[in-house]
Structure formats: C-alpha cells, structure tokens
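Here the sequence shown is numbered in numbering that gives the first Met the number 0, starting from 0 and rising by one per residue.
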Amino acid sequence: MLLVILMVNVPQQASAEDSSSTITVMFHQPHGTQMEDIIHLNGTSNAPLRNASWSVVNISGATPTTVVSGPYLTTVQPVSEDVFEWNLTVEVGNLDCTCFVSIEHIDEAGHHENWHVLLYLGTSHHRPVFLGEWNQRGVQGLTSTEDASSSELITESSVITYPMVLAPGSTSITMVSAELCEAPYGVCLAEPVVVNVPFELVDGDLRLTVAPGNMSMDEGVWNMAFTAVDEFLRSTGVQRTSFVYDASPPTVALVADSSVLEREEFNVYATIEDGYIGAEFTYTWTIVDDNDVRRAPSDAEFVSSNHLVLNLTKQGSYTVDVAVRDRAGLTAVSSLNFTVLNQPPTARISVDGRVFSELGQLTVDENGGWEINGNLSTDNEPVDYLWVVNDDRSWRGLASLNQEHFEQAGVHRVELIVFDDDGATHSTVLELEILAAETEETADSLAWIGVVLLVGVLVGVLTVRRRSSGTQSLPKWTVSPTTSHEREPGAPPHHDATVEEDEARG
0 MLLVILMVNV PQQASAEDSS STITVMFHQP HGTQMEDIIH LNGTSNAPLR NASWSVVNIS
60 GATPTTVVSG PYLTTVQPVS EDVFEWNLTV EVGNLDCTCF VSIEHIDEAG HHENWHVLLY
120 LGTSHHRPVF LGEWNQRGVQ GLTSTEDASS SELITESSVI TYPMVLAPGS TSITMVSAEL
180 CEAPYGVCLA EPVVVNVPFE LVDGDLRLTV APGNMSMDEG VWNMAFTAVD EFLRSTGVQR
240 TSFVYDASPP TVALVADSSV LEREEFNVYA TIEDGYIGAE FTYTWTIVDD NDVRRAPSDA
300 EFVSSNHLVL NLTKQGSYTV DVAVRDRAGL TAVSSLNFTV LNQPPTARIS VDGRVFSELG
360 QLTVDENGGW EINGNLSTDN EPVDYLWVVN DDRSWRGLAS LNQEHFEQAG VHRVELIVFD
420 DDGATHSTVL ELEILAAETE ETADSLAWIG VVLLVGVLVG VLTVRRRSSG TQSLPKWTVS
480 PTTSHEREPG APPHHDATVE EDEARG
C-alpha cells in the first residue's frame with residue numbers, strides 16, 4: 000500500500016491572509032486557551048499597529064457571528080527597533096462560546112491583513128475545532144473557480160492531516176465522516192454521499208486515511224466535507240477540501256495534415272483523455288526537422304496548450320512530439336510525421352500590369368520610357384530574378400529592365416528565370432521589338448528630299464501646262480463676203496490668215 004501524507008498547516012500562534020505581508024503579529028496565548036469574563040491577549044509585532052482593529056467572532060453555531068469589536072488595541076509599546084508589544088483587554092461577562100479573536104490591519108494602500116487565535120470563553124457552547132474552519136467561514140461549498148489546479152492529489156491510499164483543537168475537558172475524537180461528491184468545477188455532479196473515514200489523533204493533528212477504493216471513488220476531482228465528533232458527541236465545523244484521484248496515465252493523439260506547402264499555416268492538435276472530467280495536463284512540445292534539429296514552438300506558434308499553428312519555410316520531413324503529464328505525474332507521449340513541400344515559382348513578365356504569355360511579343364519605342372517587370376512572378380516565398388537578353392547578356396537580382404539595358408533598337412529575345420530558396424526555377428520568354436528613334440540628321444535629309452520632290456512636282460505641272468497650251472489654234476481673221484481676198488479653192492482649212500495678209504502685201 001502506497002502511503003502519502005498531506006499536511007494542512009495552520010499557524011499555532013497567528014495567521015495572515017496575505018503571505019507576502021511584511022507585518023508579523025504574534026500571540027502569546029496558544030489556540031484553545033480558556034478565558035472567563037475578560038479576554039486578555041498580548042503579543043509582539045514588527046509594526047506599531049496604529050490602524051489595527053479587533054473583533055470577537057462566535058463560531059459555536061453553524062454561522063459565525065461577531066459578538067464584540069473595537070477600532071484600536073488597548074496598548075502598543077515600542078520595545079526596540081522594529082519590535083512592538085501589544086495588549087488587548089476586553090470585558091465579555093456572561094459570554095459562553097467557542098470564539099476566534101481576530102486582529103485586522105489596513106495599510107495606507109487599503110490592503111487588509113488578519114491574524115487570529117482560537118479561544119474558549121465561559122463554560123459552555125464549547126466544541127472541537129478544525130483550525131482550517133476559520134479560513135472557510137461562511138463558505139458553503141467550493142466556488143466555481145476552484146478546480147483541479149487547487150486540489151490535493153491522492154493515490155490509492157493517502158493520509159491527510161488537519162490541525163485540530165479539542166474543547167476543554169475533551170481528550171479524544173470518536174468518529175470522522177465526510178460528505179463526498181465528484182465536483183470537477185466546484186459543483187457536485189450528483190448528491191453527496193456520507194462515508195466514515197479512518198482517523199488517528201496525534202499531538203493535536205487529526206490524520207485521516209482516504210482510500211478511494213474503499214470509498215467508491217472513481218478517478219476524478221472530488222469534494223470532501225469532513226466533520227469530527229469527540230467523546231461528548233460535540234461536533235466540529237466543516238473542513239472542506241478538493242481532491243484529485245488519478246491512478247492511470249492519459250492517452251494522447253496528435254492530429255494534423257500529412258503534407259503542407261512551405262509558408263502555409265497549418266494546425267496541430269493534441270487530443271488527450273484521462274478518464275474523468277476536469278483533468279488538467281502539462282504539455283511539452285518538440286519540433287524536429289529532417290536534420291534532427293530539435294526546437295520548442297515559439298510563443299507565436301501557440302494557440303493554446305494543446306493547439307499549435309505552424310508555418311514552416313523549409314521543405315523536408317518533420318516530426319512533432321508532445322509529452323503530456325497529468326496531475327499525478329503520469330506521462331504519455333505521441334509523435335506525428337509530416338512533409339513540407341516546396342511550391343515551385345512561376346515566372347511572369349508584365350508591362351504596366353499586363354502579363355505576357357510564353358513567347359509573347361511587345362513593340363516599344365526606343366525612348367518611350369517603358370519598363371518590363373518580373374515582380375508579378377508568383378511563389379509562396381521570396382524569389383530571385385535572372386534576365387537573359389539574346390543569350391549573350393544577363394542581369395541577376397533585378398526585378399525589372401528598361402531601355403537602358405538594351406544597347407540598340409531591333410528585335411530582342413528576353414528570358415526571365417526565377418529561383419526560390421530551394422533551387423526550384425521557372426522561366427518565360429518575351430520577344431521585344433525596339434523601334435529606333437528619329438535623329439536630327441535623318442529629319443534634315445527627309446526635309447531636303449521633300450523639297451526636291453516638291454520642286455519636281457511643280458516643274459512637271461508647268462511642263463504639262465505648256466504642252467497643253469501649244470496645241471491650241473491662234474485666233475483667225477474674219478473676212479467679210481465683199482472682200483477681194485477670197486480663199487482660193489483647195490486652200491488648207493487651217494491656213495493662217497496672217498500669212499495670207501503678208502503675201503498680199505507683196
């Protein structure tokens with residue numbers, strides 16, 4: 000039988016709700032001191048307790064009740080540096096109770112601290128007390144925020160120890176019982192059952208043996224409310240504790256895609272089962288690449304403790320390992336293999352957003368301010384560029400070319416090759432025709448040619464007109480019918496009259 004002892008400690012002389020406090024208050028009277036008519040307490044502190052108040056709380060019944068209180072201690076005297084003696088004297092005639100006397104201090108920041116001591120006042124209404132009752136006063140059950148993370152761990156047989164104070168005249172405890180229910184989130188899943196708990200009282204400590212196998216407890220998160228009865232059948236208050244019973248390791252499985260592309264986000268889920276509601280786990284993740292380099296996920300890769308989002312930039316085979324540890328320290332391990340694939344790049348040549356197909360053609364002016372781009376080439380990672388012109392010149396690392404990269408006009412074969420970091424490549428070719436720009440000398444030559452042509456045209460027109468005018472008849476003399484110069488018969492019809500006149504004149 001495995002024996003585990005869990006200790007629940009309550010300070011004998013004083014307690015503070017804030018364990019980080021720099022103020023210490025000690026009582027000279029032990030828990031369980033009996034007083035009648037007058038409460039007289041004293042002790043020491045490391046602070047002057049100027050803002051310390053006090054109260055007397057009756058816990059004889061089920062509900063704690065404040066019966067008397069005051070704003071100041073009776074006296075506080077400095078003894079030495081950082082040492083003060085304090086005194087509290089209160090008349091409580093005819094008060095019979097099991098009571099806590101509490102000293103409360105409020106600092107300048109408004110923080111509250113409490114120190115207390117258990118007293119039996121008068122001669123009746125006394126009962127045994129779990130000292131942990133004071134910290135649970137007014138608590139009827141676990142709150143919803145109490146879960147496995149704040150629970151005690153038990154095994155097949157565990158011993159839990161609680162400090163206890165017996166009432167005056169009592170020497171023993173005769174029975175300990177517990178109300179038991181499974182409560183993974185602070186709320187019982189079913190009605191509590193009452194079980195008797197084996198116990199032993201040793202030097203003011205009540206040792207309880209909790210054996211899940213004898214208490215019909217399956218693995219899970221359980222709430223137990225203990226009460227003890229002394230030989231005079233006087234019962235304690237309730238000591239509440241949450242336990243986790245976990246005797247078997249968890250099972251774990253990893254879920255993810257078997258292959259993904261570089262720089263593509265993908266999810267890895269760990270599915271864990273430990274056999275009960277409210278189980279809590281600790282995860283240790285490891286990512287191993289194909290060079291056997293191991294690393295833990297970065298903070299950015301964690302979505303939750305059982306969920307990763309990975310975005311890997313190198314192709315290859317990878318393994319994700321996860322080790323899951325439960326509250327009992329039992330561990331399960333799972334591994335998952337997957338492959339990261341490289342996505343080859345695609346080369347694209349574009350001009351002003353227009354993408355050219357393979358062996359596309361483009362005509363531009365030599366001084367047109369144009370530019371051919373490769374920045375529309377696609378890949379899921381950065382690429383490098385290599386331009387090859389006419390198979391005799393090349394540029395690497397440039398995303399674009401312009402007219403400055405071409406020495407003369409004409410038709411050029413332009414090839415763009417893109418590379419990714421895994422060495423994958425792709426290329427495309429463009430036929431680029433660059434039209435020569437007009438020079439000043441050419442323009443002058445064309446102007447002279449134009450002038451010569453114009454002159455030639457004018458000369459031709461004049462020549463044609465002259466020839467046309469030479470073929471027309473000159474005006475003839477008109478001869479009246481009475482003239483003596485009649486045309487002789489047989490004369491040519493187009494005979495010039497002027498000639499005739501000259502001949503007549505001898």
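All C-beta atoms, glycine included, are put in the ideal place defined by N, C-alpha and C.
Buried versus exposed, by CB contacts within 10 Å (16 or more), residue i
{"i": "residue 82", "result": "exposed"}
{"i": "residue 71", "result": "exposed"}
{"i": "residue 132", "result": "buried"}
{"i": "residue 53", "result": "buried"}
{"i": "residue 164", "result": "buried"}
{"i": "residue 302", "result": "exposed"}
{"i": "residue 360", "result": "exposed"}
{"i": "residue 434", "result": "exposed"}
{"i": "residue 231", "result": "exposed"}
{"i": "residue 111", "result": "exposed"}
{"i": "residue 105", "result": "exposed"}
{"i": "residue 346", "result": "buried"}
{"i": "residue 193", "result": "exposed"}
{"i": "residue 284", "result": "buried"}
{"i": "residue 150", "result": "buried"}
{"i": "residue 289", "result": "exposed"}
{"i": "residue 179", "result": "buried"}
{"i": "residue 277", "result": "buried"}
{"i": "residue 448", "result": "exposed"}
{"i": "residue 126", "result": "buried"}
{"i": "residue 436", "result": "exposed"}
{"i": "residue 478", "result": "Note that residue 478 scores a pLDDT of 47, beneath 50, so its modelled location is shaky; the value from the coordinates is reported in the next line. Under this definition residue 478 is an exposed residue."}
{"i": "residue 79", "result": "exposed"}
{"i": "residue 90", "result": "exposed"}
{"i": "residue 129", "result": "buried"}
Bridge partners - residue i, DSSP secondary structure assignment
{"i": "residue 180", "result": "222"}
{"i": "residue 506", "result": "As shown, the chain starts at 0 and ends at 505. That puts residue 506 outside it, with no answer to give."}
{"i": "residue 306", "result": "268 and 303"}
{"i": "residue 325", "result": "280"}
{"i": "residue 36", "result": "91"}
{"i": "residue 317", "result": "337"}
{"i": "residue 427", "result": "415"}
{"i": "residue 397", "result": "Residue 397 pairs with nothing; no bridge assigned."}
{"i": "residue 359", "result": "429"}
{"i": "residue 103", "result": "52 and 113"}
{"i": "residue 257", "result": "Partner(s): none; residue 257 has no beta bridge."}
{"i": "residue 332", "result": "322"}
{"i": "residue 407", "result": "Looking at the DSSP assignment, residue 407 forms no beta bridge with any residue, so it has no partner."}
{"i": "residue 231", "result": "Its beta-bridge partners do not exist; DSSP assigns none."}
{"i": "residue 97", "result": "119"}
Contact check, residue i vs residue j, beta carbons under 9 Å
{"i": "residue 225", "j": "residue 196", "result": "yes"}
{"i": "residue 365", "j": "residue 408", "result": "yes"}
{"i": "residue 55", "j": "residue 38", "result": "yes"}
{"i": "residue 119", "j": "residue 97", "result": "yes"}
{"i": "residue 43", "j": "residue 103", "result": "no"}
{"i": "residue 205", "j": "residue 177", "result": "no"}
{"i": "residue 67", "j": "residue 48", "result": "no"}
{"i": "residue 63", "j": "residue 26", "result": "no"}
{"i": "residue 222", "j": "residue 185", "result": "yes"}
{"i": "residue 417", "j": "residue 333", "result": "no"}
{"i": "residue 331", "j": "residue 323", "result": "yes"}
{"i": "residue 265", "j": "residue 309", "result": "yes"}
{"i": "residue 311", "j": "residue 262", "result": "yes"}
{"i": "residue 175", "j": "residue 207", "result": "yes"}
{"i": "residue 46", "j": "residue 73", "result": "no"}
{"i": "residue 245", "j": "residue 329", "result": "yes"}
Residue closest to residue i, alpha-carbon to alpha-carbon, out of the options
{"i": "residue 343", "options": "426, 266, 336 and 258", "result": "426"}
{"i": "residue 431", "options": "400, 217 and 447", "result": "400"}
{"i": "residue 338", "options": "327, 313 and 323", "result": "313"}
{"i": "residue 121", "options": "30, 34 and 69", "result": "34"}
{"i": "residue 233", "options": "61, 336, 404 and 380", "result": "61"}
{"i": "residue 353", "options": "369, 340 and 341", "result": "369"}
{"i": "residue 371", "options": "412, 381 and 331", "result": "412"}
{"i": "residue 415", "options": "356, 310, 300 and 292", "result": "356"}
{"i": "residue 382", "options": "420, 455, 317 and 203", "result": "420"}
{"i": "residue 259", "options": "298, 73, 65 and 315", "result": "315"}
{"i": "residue 377", "options": "398, 108, 36 and 457", "result": "398"}
{"i": "residue 349", "options": "109, 373, 402 and 335", "result": "373"}
{"i": "residue 249", "options": "199, 321, 292 and 191", "result": "321"}
Exercise. Does the segment 150-158 come close enough to the segment 200-212 to have 3 or more Cβ pairs within less than 8 Å?
Worked result: In this structure the segment 150-158 touches the segment 200-212; the number of beta carbon pairs closer than 8 Å is three or more.
Exercise. At a cut of 8 Å, does the segment 262-282 reach the segment 302-316 through at least three beta carbon pairs?
Worked result: Segments in contact, yes.
For this session: Indicate whether the contact test is met: 3 or more Cβ pairs, each with one atom in the segment 453-463 and one in the segment 379-390, closer than 8 Å.
Result: Below 8 Å, too few C-beta pairs join the segment 453-463 and the segment 379-390 to call them touching: fewer than three.
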